[in-house]
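Heads up, the thing below is written out as structure tokens.
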Amino acid sequence: MVDISEFQNIDIAIIGGGNAALCAAMTAAEHGAKVCILESAPKPFRGGNSRHTRNFRCMHQTPLGPLEGQYLADEYFDDLMKVTDGKTDESLARMTIEESEACFSWLRARGVHFQKALSGTLSLSRTNAFFMGGGKSLVNAFYRYSEAAGVRVLYNANVQTLDLDGQSVRSVSFKYENETHVIKPKAVIVAAGGFQSNIEWLEEAWGSGARNFIIRGTKYNRGRVLKNLLDQGVNQTGDPTQCHAIAVDGRAPQFDGGIVTRLDCVPFSVVVNKKAKRFYDEGEDVWPKRYAIWGRLIAEQPDQEAVSIIDSQAYELFLPSVFPPEKAHTIGELADKLGMPKQKLEKTIADFNAACGDLSGFHPTELDGVRTTGLTPAKTNWARPIEKPPFYAYSLKTGITFTYLGLKVDRNAQCSNAIGPIENLWAAGETMAGSILGQGYLAGFGMTIGTVFGRIAGAEAANYAR
14 MVDISEFQNI DIAIIGGGNA ALCAAMTAAE HGAKVCILES APKPFRGGNS
64 RHTRNFRCMH QTPLGPLEGQ YLADEYFDDL MKVTDGKTDE SLARMTIEES
114 EACFSWLRAR GVHFQKALSG TLSLSRTNAF FMGGGKSLVN AFYRYSEAAG
164 VRVLYNANVQ TLDLDGQSVR SVSFKYENET HVIKPKAVIV AAGGFQSNIE
214 WLEEAWGSGA RNFIIRGTKY NRGRVLKNLL DQGVNQTGDP TQCHAIAVDG
264 RAPQFDGGIV TRLDCVPFSV VVNKKAKRFY DEGEDVWPKR YAIWGRLIAE
314 QPDQEAVSII DSQAYELFLP SVFPPEKAHT IGELADKLGM PKQKLEKTIA
364 DFNAACGDLS GFHPTELDGV RTTGLTPAKT NWARPIEKPP FYAYSLKTGI
414 TFTYLGLKVD RNAQCSNAIG PIENLWAAGE TMAGSILGQG YLAGFGMTIG
464 TVFGRIAGAE AANYAR
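As structure tokens, this is what we get:
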């Protein structure tokens, strides 16, 4: 049993227990502050969505650790502009990118180890640093470091309200062991994620189709603190319908399936809805720049479902799936197994095959220009006929990672309301990522945002408390 009195004499209360919260906690503790983390999850599930991550996107001017070549700020920013269609705060985005290079050595100094990038459709050896042992290893390293630095951690602590009085947070109320407790820290950092696990809130934004969504990450990100602050007039950013949404295996669990439920077969496949109709260019760009648009595309299809179909040529071109695909020796047989209209699926595949042309330039790890002709929608890269049995099919559903409606922050990670800055309230991570991600996603960028703004928030809050 934890003695709650230990949390009364605290400089900084950090709400959340993932990467951003831990980066803030470590930084604040290193600045001499007395810090506590209020994590809503039990200890085995601590870490929020960070448990499921694999890498962070890092600018570098020369080879850095496992990162090859260089990845300069302007290219990084251009990549972000492409996926967000320009819907970003340029000042915050450029600052995040420029700070990311220093984060690499900072992470290593706190116990994080790196490995070479994975192969296949994730061509990220130049842009993304992969965590050895994945996100769980990173989270564990951070908790070890934080606790050694004196950070107090309370699991199963469900924060209910922040008492906002004018331009200051006066207290934090949370439930622990069925009792309500109130603490009065000098400063508060909110790093509690989005609202993606609150299905009722998702329904308000998306309609009843949200009931068919799969939540890839933690079930503890319900947006309670976010809603409490927005209801008190803290400035918000982002659209409630915008989120990091990808294609996941339709057989994945509703919550916490994590990274292994993602399917990377789309670029080498034909994707159809349940009516056997194609609806988008499967080869529009390299997968790390396009995988995060497919969740939204599937959400717009009947019953929020789709199917990715490949043949034996493509079976080993992408990371293997956690669930085996449906397998058949003819497209008709595959249609029967999928419960799809047989003749329509056969015609869709036949039309696609007929539209494929010269295959001599086919290259699975880069844009190859091998495209269809006279087909709508076109497939503009990796357009190779689906013709060599056996044939395989993966069911696809919308997998939500995190939502973009959040708290608006400035370059100091500080929150504000209509009057001005709230003097002792900061935010970091997914709960403020909508300040930079207006739409779309760039692989590994969520971890970059959390690391950069966690460090900033921790330093700013510690300076204020001191």
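Start counting the sequence shown at 14; every next residue gets the next number (my numbering). Every residue gets a Cβ at the ideal spot worked out from N, C-alpha and C, and that includes glycine.
In or out: residue i buried (at least 16 other Cβ within 10 Å) or exposed?
i: residue 262; result: buried
i: residue 83; result: exposed
i: residue 191; result: exposed
i: residue 314; result: buried
i: residue 109; result: buried
i: residue 53; result: buried
i: residue 365; result: buried
i: residue 73; result: buried
i: residue 448; result: buried
i: residue 250; result: buried
i: residue 21; result: exposed
i: residue 113; result: buried
i: residue 145; result: exposed
i: residue 159; result: buried
i: residue 117; result: buried
i: residue 209; result: buried
i: residue 31; result: buried
i: residue 351; result: buried
Return the Cβ separation of residue i and residue j in integer angstroms, given the expectation that the two are a contact with Cβ distance under 8 Å.
i: residue 445; j: residue 419; result: 5 Å
i: residue 123; j: residue 86; result: Rounded, the Cβ-Cβ distance is 24 Å, inconsistent with contact.
i: residue 38; j: residue 471; result: 7 Å
i: residue 11; j: residue 260; result: Here the chain has residues from 14 to 479 only, and residue 11 is not among them.
i: residue 317; j: residue 410; result: 6 Å
i: residue 164; j: residue 175; result: 20 Å between Cβ atoms; not a contact.
i: residue 19; j: residue 162; result: With a Cβ gap of about 16 Å, residue 19 and residue 162 do not count as contacting.
i: residue 142; j: residue 127; result: 5 Å
i: residue 415; j: residue 206; result: 6 Å
Any beta carbon from chain B within less than 8 Å of residue i's own beta carbon?
i: residue 317; result: Within the model displayed, chain B is absent; a lone protein chain is all it includes.
Determine the contact status of residue i and residue j, defining contact as a CB-CB distance below 8 Å.
i: residue 264; j: residue 408; result: yes
i: residue 368; j: residue 388; result: yes
i: residue 274; j: residue 58; result: no
i: residue 436; j: residue 180; result: yes
i: residue 167; j: residue 49; result: yes
i: residue 68; j: residue 137; result: yes
i: residue 453; j: residue 98; result: yes
i: residue 386; j: residue 374; result: no
i: residue 456; j: residue 338; result: no
i: residue 172; j: residue 247; result: no
i: residue 474; j: residue 45; result: no
- Message: Does the structure place the region 387-401 close enough to the region 289-296 that three or more beta carbon pairs sit under 8 Å?
- Response: yes
- Item | Runs of alpha helix (DSSP H) wholly within the region 201-237 (minimum 4 residues, chain order) | 212-219
- If we count Cβ pairs, one from each stretch, closer than 8 Å, do we get three or more for the region 21-28 versus the region 193-201? yes
- Task: Flag this pair as touching only if the region 418-437 and the region 280-288 have three or more C-beta atom pairs under 8 Å; answer yes or no.
- Result: The count of Cβ pairs closer than 8 Å, one atom from the region 418-437 and one from the region 280-288, stays below three, leaving the stretches out of contact.
- State whether the region 311-326 contacts the region 397-414, with contact taken as three or more CB pairs (one from each stretch) at a distance under 8 Å. The region 311-326 vs the region 397-414: in contact.
- Taking 8 Å as the threshold, find out whether the region 454-469 comes into contact with the region 413-427 through three or more Cβ pairs. yes
- Runs of beta strand (DSSP E) wholly within the region 68-146 (minimum 3 residues, chain order): Runs of the beta strand (DSSP E) lying entirely within the region 68-146 and spanning at least 3 residues, in chain order: 68-70, 141-144.
- Inside the region 423-468 only - alpha helix (DSSP H) runs reaching at least 4 residues: none
- Query: Does the region 59-70 come within contact of the region 213-232, defined as at least 3 CB pairs closer than 8 Å?
  - Reply: yes
- Task: Assess, as a yes-or-no matter, whether the region 209-217 is touched by the region 302-312 under the definition of 3 or more beta carbon pairs within less than 8 Å.
- Result: Three or more beta-carbon pairs separated by less than 8 Å are not found between the region 302-312 and the region 209-217, which leaves the two stretches without contact.
- Item | alpha helix (DSSP H) runs wholly inside the region 308-350, at least 4 long, in chain order | Considered as a whole, the region 308-350 harbours no complete run of any alpha helix (DSSP H) with no fewer than 4 residues.
- Item | Secondary structure, beta strand (DSSP E): runs of 3+ residues fully inside the region 272-296 | 283-286
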